[in-house]
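Below is one structure; the comments refer to it alone.
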């Protein structure tokens, strides 16, 4: 059963947790929603950081990063801030992630135009919270102008919902959410993020 | 300000309680820990190295107007329970175009609003501005008039949009997810239009630890 991931965080009310009084579902519910938000919102794997490399026409540059995903993402987004060496007419930058995958062409503007970031979406074939290498191929089309890649950023796309049956999402129905799930998922998040 | 009761992670929830109910302290600690994790979930969005590369101002006549220098590309900021964005700590590295001076602005802007936000006569809540910079040597600028920018719930609400993604590995069925697409922008302005262009040599932006 799928459990929704909110687009914003929720906020359990401490005043609803009183000594000697059973905590009510309106406390459990936002706590479960908060757990799901934490697990589904996605992290920034590579901040927009300076690479400053010039890629000549007909050549490929592979960038490799060491990252620790949070384990629930199924899509990564790469954002490449690049500019062609030509004044006008620009060039074409083909992108593939991970390295070796099928290249997809993206347009890159020239030196006198306002730079637009190139965005590339990488659907994942498996979820993983393990420390790992992620990579991207950047290839400039043969015969085109060389391209200066200034920045590269990579982040995980937020999830719309998490599968409870897969042990990933806490139940958020009023009459079913429980302390066990909140604590269990809270611990799982701690393990994923802090270990 | 942090929202967790203890302002830190509370140990003790290291075993899974029974199926039926938990005592008040267990619930309180679990809620505290989730809140603390949420408070500290801020992410580094931009981290370019000072002095390693210069971002020349977009070419064209120097008119003394605000002009764009740097854009991070689209990202999705974390949103608080009231609908506003997590505050973002910002820094700029750069140098003036000449000793006469230049000023710099850095801001977080929903997509499509950068032109308005970054060049407005007033400094908006999602933008901060440096004092006049006269040094022509690149360095991190310490004269930002503030170091936090944020988006109000109104700004976020106006920018919320569904983007297409997948919700399972190897899925071929797209789903929509609600996000607030934004960019980190850096703009500069020459105080003397005939000056050489100012240079931005470093940009840093990170979601604030705490809410």
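Residue numbers (our numbering), protein chains in the order written: chain A, 9 to 203; chain B, 5 to 215. Ideal placement from N, C-alpha and C gives every residue a C-beta, glycine not left out.
Specify, as a first and last residue, the run of the alpha helix (DSSP H) that residue i falls within.
i, result
"residue 37(B)", "28 to 43"
"residue 76(B)", "Per DSSP, residue 76(B) belongs to no alpha helix (DSSP H) and is neither H nor E."
"residue 123(B)", "118 to 123"
In terms of residues, what are the limits of the beta strand (DSSP E) holding residue i?
i, result
"residue 65(A)", "Element bounds for residue 65(A): n/a, residue is neither H nor E."
"residue 98(B)", "92 to 99"
"residue 207(B)", "203 to 211"
"residue 50(B)", "48 to 51"
"residue 162(B)", "Taken as a continuous stretch (DSSP letters only), residue 162(B) belongs to no beta strand (DSSP E), being part of the alpha helix (DSSP H) at 157 to 163."
"residue 180(B)", "179 to 183"
"residue 132(B)", "131 to 133"
"residue 84(A)", "83 to 92"
"residue 171(A)", "169 to 171"
Could you round the C-beta distance between residue i and residue j to whole angstroms and report it? I think they count as a contact, below 8 Å.
i, j, result
"residue 136(A)", "residue 77(A)", "6 Å"
"residue 71(B)", "residue 192(B)", "6 Å"
"residue 52(A)", "residue 49(B)", "6 Å"
"residue 169(B)", "residue 83(A)", "5 Å"
"residue 99(B)", "residue 30(B)", "In fact, because the Cβ distance is near 56 Å, the residues do not count as touching under 8 Å."
"residue 2(B)", "residue 115(B)", "A question about residue 2(B) goes unanswered here, because the residues of chain B that appear run from 5 up to 215."
"residue 21(A)", "residue 42(A)", "So it is not a contact: roughly 12 Å between Cβ atoms."
"residue 49(A)", "residue 82(B)", "6 Å"
"residue 181(B)", "residue 166(A)", "5 Å"
"residue 37(A)", "residue 41(B)", "Residue 37(A) to residue 41(B), Cβ: 18 Å. No contact."
"residue 201(B)", "residue 105(B)", "Rounded, the Cβ-Cβ distance is 13 Å, inconsistent with contact."
"residue 93(B)", "residue 148(B)", "That pair is no contact at about 10 Å."
"residue 160(B)", "residue 74(B)", "About 22 Å separates the two Cβ atoms, so there is no contact after all."
"residue 54(A)", "residue 160(A)", "6 Å"
"residue 194(B)", "residue 68(B)", "6 Å"
Using the rule of at least 16 other Cβ atoms within 10 Å of the residue's Cβ for burial, across every protein chain shown, is residue i buried or exposed?
i, result
"residue 178(B)", "exposed"
"residue 211(B)", "buried"
"residue 99(A)", "buried"
"residue 141(A)", "exposed"
"residue 166(B)", "exposed"
"residue 80(A)", "buried"
"residue 188(B)", "buried"
"residue 110(A)", "exposed"
"residue 13(A)", "buried"
"residue 52(B)", "buried"
"residue 164(A)", "buried"
"residue 104(A)", "buried"
"residue 8(B)", "buried"
"residue 12(B)", "exposed"
"residue 209(B)", "buried"
"residue 115(A)", "exposed"
"residue 70(A)", "exposed"
"residue 126(B)", "exposed"
"residue 171(B)", "buried"
"residue 62(A)", "exposed"
"residue 152(A)", "buried"
"residue 24(B)", "Here residue 24(B) scores only 48 on pLDDT, less than 50, and its place in the model is too uncertain to base an answer on."
"residue 158(B)", "exposed"
"residue 182(A)", "Legend: pLDDT at residue 182(A) = 45, less than 50; position of this residue unreliable, value from coordinates given subsequently. Exposed: under 16 other Cβ atoms inside 10 Å."
"residue 150(B)", "exposed"
"residue 139(B)", "exposed"
"residue 125(A)", "buried"
"residue 91(A)", "buried"
"residue 134(A)", "exposed"
"residue 43(B)", "buried"
"residue 183(B)", "buried"
"residue 67(A)", "exposed"
"residue 213(B)", "exposed"
What residues are listed by DSSP as bridge partners for residue i?
i, result
"residue 194(B)", "106(B)"
"residue 15(A)", "Beta-bridge pairing links residue 15(A) to no other residue."
"residue 58(A)", "159(A)"
"residue 111(B)", "131(B), 189(B)"
"residue 89(B)", "83(B)"
"residue 144(B)", "97(B)"
"residue 78(A)", "Answer is none; residue 78(A) lacks a bridge partner."
"residue 14(B)", "Per DSSP, none; premise fails for residue 14(B)."
"residue 41(A)", "The partner list for residue 41(A) (beta bridge, DSSP) is empty, contrary to what the question assumes."
"residue 73(A)", "142(A)"
"residue 71(B)", "192(B)"
"residue 153(B)", "92(B)"
Discussion item. Ignoring anything shorter than 3 residues, give me the beta strand (DSSP E) runs that lie fully in the stretch 98 to 167 of chain A, in order along the chain.
Written reply: Restricted to the stretch 98 to 167 of chain A, the beta strand (DSSP E) segments that are unbroken, complete and at least 3 residues in length are 99 to 104, 112 to 116, 126 to 131, 140 to 148, 155 to 164, listed in chain order.
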